[in-house]
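To convert, take the position in the sequence shown, counting from 1, and add 1122; that gives the working numbering.
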Amino acid sequence: MDFWQHCGYHLLDRAADGHLLVTDDYLRLYYARPELAPVAESCAAERRLHESLLEAPRRAVVEGEITSVSDPD
1123 MDFWQHCGYH LLDRAADGHL LVTDDYLRLY YARPELAPVA ESCAAERRLH
1173 ESLLEAPRRA VVEGEITSVS DPD
C-alpha cells in the first residue's frame, strides 16, 4: 500500500543498488508545488523561468534569469 500517494515516490527510479533516482517528472511535480509555483503577483520573468524549468527540469539557471525577477523572494 502506498501511504504517500502525493509525494511523488512513484515518479522516482531505482538504481541497480536500490537507491532512488530523481527523474524529470519528479522534479516537475516538485516545481509545481504551491510554494514554488508562480502566484498572481509573479512577474513575467518569474513565470518564464518557472515554465522553462517545467519544460527542462534539469537545466541550469543563469544568474541573469534570477536577477530579472522583480520580487527578490
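Heads up, the beta-carbon is just placed ideally off N, CA and C, and yes, glycines get one too.
Setting aside the 5 residues that flank it on each side, Ala1178 has no residue in the same chain whose C-beta is closer than 7 Å to its C-beta. For Ser1174 against Arg1181, the beta-carbon gap comes to about 7 Å, under 8 Å, which counts as contact. In the structure shown, Arg1136 falls within a strand segment according to DSSP collapsed to helix, strand and coil.
Looking from the CA of Leu1142, the closest CA among Gly1130, Ala1162, Ala1166 belongs to Gly1130. At a Cβ-Cβ threshold of 8 Å, Leu1133 and Tyr1153 do not count as neighbours. DSSP places Tyr1152 inside the alpha helix (DSSP H), whose first and last residues are 1146-1153.
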